[in-house]
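Undergrad: Before anything else, here's the structure in question.
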Amino acid sequence: MSGSKEREKKIYEAAKELQSKGSHNDKGFRVVITGKGGVGKTTLTALLAKLFSKSGYNVLAADEDPQMNLPFALGIPGDQEIIPISKNFDYIEEKTGARPGASWGGFLSLNPDVSDVVDRFGIKTDDGINLIVMGSVIQAAAGCLCPENTLLEATMDYISLRENEIILMDTQAGVEHFGRALAKGFNQAVVITEPTFNSYQVALHAAKLARQLGISYVHLVISKIIDDSKKSKFMKMAGKSLDDFDKIFNLPYYDQVLNTEPDITPLLNEKSSYMDKVKDVAQTLKAYGERK
Numbered sequence: 000m001s002g003s004k005e006r007e008k009k010i011y012e013a014a015k016e017l018q019s020k021g022s023h024n025d026k027g028f029r030v031v032i033t034g035k036g037g038v039g040k041t042t043l044t045a046l047l048a049k050l051f052s053k054s055g056y057n058v059l060a061a062d063e064d065p066q067m068n069l070p071f072a073l074g075i076p077g078d079q080e081i082i083p084i085s086k087n088f089d090y091i092e093e094k095t096g097a098r099p100g101a102s103w104g105g106f107l108s109l110n111p112d113v114s115d116v117v118d119r120f121g122i123k124t125d126d127g128i129n130l131i132v133m134g135s136v137i138q139a140a141a142g143c144l145c146p147e148n149t150l151l152e153a154t155m156d157y158i159s160l161r162e163n164e165i166i167l168m169d170t171q172a173g174v175e176h177f178g179r180a181l182a183k184g185f186n187q188a189v190v191i192t193e194p195t196f197n198s199y200q201v202a203l204h205a206a207k208l209a210r211q212l213g214i215s216y217v218h219l220v221i222s223k224i225i226d227d228s229k230k231s232k233f234m235k236m237a238g239k240s241l242d243d244f245d246k247i248f249n250l251p252y253y254d255q256v257l258n259t260e261p262d263i264t265p266l267l268n269e270k271s272s273y274m275d276k277v278k279d280v281a282q283t284l285k286a287y288g289e290r291k
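Under numbering that gives the first Met the number 0, the first residue of the sequence shown carries the number 0, and numbering increases by one thereafter.
If you want it as structure tokens, here you go:
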């Protein structure tokens, strides 16, 4: 009898633990991370993904940047071949009915079912992060339909509606190529800039597009700040335009970012003002993500 009660107690405790984990993970949210090339989008995306995963969240990291460096920043071996979805012609043909580069006549499915895309092509990192490498949208004439874009748009729709996950998308500068798809599920944008005029102009453009697409919260990360004088010069140059951002973070220049690339995992175990600021970004995204 005592053995039976002991088993019941263990089952109850296990169920309670699972319930606790479930309630923790059901607060998912979606963030698009963008900015001028070289400002540190991929590094920040990878660090945020690892921090959230380490905290017990289900994390899906989506790489839409043409450089496709996010897998390696997350610790995927550099010699592992990765074929982005936009180049997986067999899958594109299976889902859209048309093969890229071939004559596809009048048949092209505009609403392909891609609910299996993460299960089939997602890469699981050692720390449990789901990674999907999308590849870039084909830049073509306005109104052009092609199988690659059709599939990527469907994938974007599917990702934006997934629940119980923190979804982080590393994307090229600007978000206009996704149209209204982002607004369906992505309610935060992190725009990254270096403390220079040219980089900030790209950031302002990206922030404006994010607002136009209906993304509720747009945050600014100023990266690679060498000293207070550079920070003050930038803040003076930016002026009142900084009021357009919900939160602003100052990320100091940190040599170890270059020393550890491409895999940024060692940065998580270091005590630095850089990682303190990254953790501040993570906490802010969590707080805004849990807003109704």
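For each residue, glycine too, the CB sits at the ideal point set by N, CA and C.
(1) Report yes if the CB atom of Y287 is closer than 7 Å to the CB atom of Q187, and no otherwise.
(2) Can you give the Cα-Cα distance for N197 and K123, rounded to whole angstroms?
(3) Under 6 Å Cβ to Cβ from I32, same chain only, skipping five residues before and after it: list those, please.
(4) Only counting the same chain, and skipping five residues up and downstream in sequence, which positions put a Cβ closer than 6 Å to that of P146?
(5) By how many angstroms is the C-alpha of V132 removed from the C-alpha of I81?
(6) Could you tell me which residues DSSP puts in a beta bridge with G34?
(7) Pull up the distance between the alpha-carbon of L151 and that of G121, whole angstroms please.
(8) Taking a contact to mean a Cβ-Cβ separation below 7 Å, would you say I166 touches S52 in this structure?
(9) Sorted by chain position, which residues of the same chain lie with C-beta nearer than 6 Å to I75's C-beta, five sequence neighbours on each side aside?
(10) When the distance is taken between beta carbons, is P194 closer than 7 Å to F244?
(11) Leaving out five residues before and five after V38 in sequence, what residues of the same chain have Cβ atoms less than 7 Å from its Cβ?
(12) By the three-class DSSP mapping on this structure, what secondary structure does Y216 have?
(13) Inspect the beta-carbon positions of K246 and H218 and report whether they are closer than 7 Å.
(14) Taking the alpha-carbon positions, what's the N57 to S231 distance?
(15) So, under 8 Å CB-CB, G111 and A48 are touching, yes? Tell me the CB distance rounded to an integer number of Å.
(16) Just mark E164 as buried or exposed, buried being the case when its beta carbon has 16 or more other beta carbons within 10 Å.
(17) May I have the straight-line CA-CA distance separating Q255 from I225, to the nearest angstrom?
TA: The short version:
(1) Result yes, Cβ atoms of Y287 and Q187 sit closer than 7 Å.
(2) When rounded, the distance between both Cα atoms is 37 Å.
(3) Within the same chain, I32 has close Cβ partners K40, T44, D169 and V189.
(4) Excluding sequence neighbours, P146 sits near I91, T95, A97 and P99.
(5) I81 and V132 have their C-alpha atoms roughly 8 Å apart.
(6) I191.
(7) Looking at the backbone, the Cα of L151 and that of G121 are separated by about 14 Å.
(8) Going by beta carbons, I166 and S52 fall outside the 7 Å limit.
(9) Closer than 6 Å at Cβ, skipping near neighbours: no residue.
(10) The answer is no: Cβ separation not under 7 Å.
(11) Sequence-distant Cβ neighbours of V38 in its own chain, meaning closer than 7 Å and more than five residues away, are I191, T192, E193, S198 and S222.
(12) If DSSP states are grouped into helix, strand and coil, Y216 belongs with the strands.
(13) A contact, by the Cβ cut-off of 7 Å.
(14) Between the C-alpha atoms of N57 and S231 there is a straight-line separation of about 38 Å.
(15) The residue asked about is misnamed: residue 111 is Pro in this sequence, not Gly. With a Cβ gap of about 27 Å, P111 and A48 do not count as contacting.
(16) With 16 or more other Cβ atoms within 10 Å, it is buried.
(17) Distance between the alpha carbons of Q255 and I225: 14 Å.
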